[in-house]
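A.B. asks: Numbering (this note's numbering), first residue to last: 4 to 217.
All residues carry an ideal CB built from backbone N, CA and C; glycine is no exception.
Input: one structure, supplied below.
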């Protein structure tokens, strides 16, 4: 289990936050305002989990060798797939595979800055930022892991891949994209923070995953 405390929005565009902190007496859960989160997590290492709909998780192959050159080339290689201008986006790279494919996480800069400003107002400075889908258990090949909560789904489709969407879009997406052989469903009932799955910790130490900030 990750030694960091995890922090995420209770729902997209919500002003309430949920957190969990590992300790000698087990995992402690909480839910409240950003100020309450700041008080509960003061002095702790915090990993911020970004809502799946805010982050594009993809992979791209570029001829550039070396991380710095790849980081310069990848935004322009993805330009035609992006809604926003490249300059308005933040790109985070993972570790390239043997074929030169780089896992990439993309988020609007103003969105990321808004989250960080809110946390800093409460005295929190996350040491790492990860897209929520990558905090779910990694599925077997050709399978998906899905967290269902409050009318939405967070989906992990591979080692560095996943997305977030409204719950009713899961089946159409599963049909449109490469259909999974099976879907492991993790159910999180509405509201109670204590029902937040322990397994959200499991993937955070996986090598090579793109982290928005690390």
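Under the three-state reduction of DSSP, which class applies to residue 18: helix, strand or coil?
C.D. replies: Residue state, collapsed to three classes: coil.
A.B. asks: Alpha carbons only, please: which of 170, 175 and 73 is nearest the one belonging to residue 152?
C.D. replies: The candidate whose alpha carbon is nearest that of residue 152 is 170.
A.B. asks: Let's test the definition: count the other Cβ atoms within 10 Å of the Cβ of residue 57 and tell me whether it reaches 16, buried, or not, exposed.
C.D. replies: Buried.
A.B. asks: I want to know whether the segment 52-71 touches the segment 133-143 - three or more CB-CB distances under 8 Å.
C.D. replies: Segments in contact, yes.
A.B. asks: Would residue 219 and residue 36 be called neighbours here (beta carbons separated by less than 7 Å)?
C.D. replies: Missing from the structure shown is residue 219; the chain here goes from 4 to 217 and no further.
A.B. asks: Out of 129, 15 and 187, state which residue places its alpha-carbon closest to the alpha-carbon of residue 148.
C.D. replies: The residue with the shortest Cα to Cα distance from residue 148 is 187.
A.B. asks: Assuming residue 106 is part of the alpha helix (DSSP H), what are its boundary residues?
C.D. replies: Here residue 106 belongs to no alpha helix (DSSP H); instead the beta strand (DSSP E) covers 104-111.
A.B. asks: Hey, is the segment 113-132 in contact with the segment 29-48, meaning 3+ C-beta pairs nearer than 8 Å?
C.D. replies: Yes, the segment 113-132 touches the segment 29-48.
A.B. asks: Taking its Cβ as the centre, do 16 or more other Cβ atoms sit within 10 Å of residue 63, making it buried, or is it exposed?
C.D. replies: Classification for residue 63: buried.
A.B. asks: If you compare alpha carbons, which of 20, 182, 15 and 14 is closest to residue 125?
C.D. replies: The option with the nearest alpha carbon to residue 125 is 20.
A.B. asks: Give me the Cα-Cα distance between residue 196 and residue 10, rounded to the nearest whole angstrom.
C.D. replies: Because residue 196 carries a pLDDT of 41, less than 50, the predicted location of this residue cannot be relied on, and no value is offered for it.
A.B. asks: What are the partner residues of residue 158, as DSSP defines its beta bridges?
C.D. replies: Residue 158 pairs with 149 and 166.
A.B. asks: Where are the alpha helix (DSSP H) runs, 4 residues long or more, that stay fully inside the segment 50-113, in chain order?
C.D. replies: The segment 50-113 contains these whole alpha helix (DSSP H) runs: 70-80.
A.B. asks: Please state the DSSP three-state secondary structure of residue 127.
C.D. replies: Coil.
A.B. asks: Would a check of beta-carbon distances place residue 150 closer than 7 Å to chain C?
C.D. replies: The chain inventory of the structure shown lacks chain C, comprising one protein chain alone.
A.B. asks: Helix, strand or coil for residue 34? Go by DSSP, reduced to three states.
C.D. replies: The answer is strand: DSSP assigns residue 34 an E or B state.
A.B. asks: Leaving out five residues before and five after residue 16 in sequence, what residues of the same chain have Cβ atoms less than 8 Å from its Cβ?
C.D. replies: Once the five neighbours on either side are set aside, residue 16 has no close Cβ partner at all.
A.B. asks: According to DSSP, simplified to helix, strand and coil, what is residue 10?
C.D. replies: In this structure, residue 10 counts as strand in the three-state DSSP scheme.
A.B. asks: Nearest CA to the CA of residue 105: which residue from 175, 74 and 156?
C.D. replies: For the residues 175, 74 and 156, the minimum Cα distance to residue 105 belongs to 74.
A.B. asks: So residue 96 and residue 107 are supposed to be a Cβ contact under 8 Å. How far apart are they, rounded?
C.D. replies: Yes, they are in contact, since the Cβ atoms of residue 96 and residue 107 sit about 6 Å apart, within 8 Å.
A.B. asks: Using a Cβ-Cβ cutoff of less than 8 Å, which residues in the same chain neighbour residue 6 once the five nearest sequence positions on both sides are dropped?
C.D. replies: Cβ neighbours of residue 6 beyond the five flanking positions: 25 and 48.
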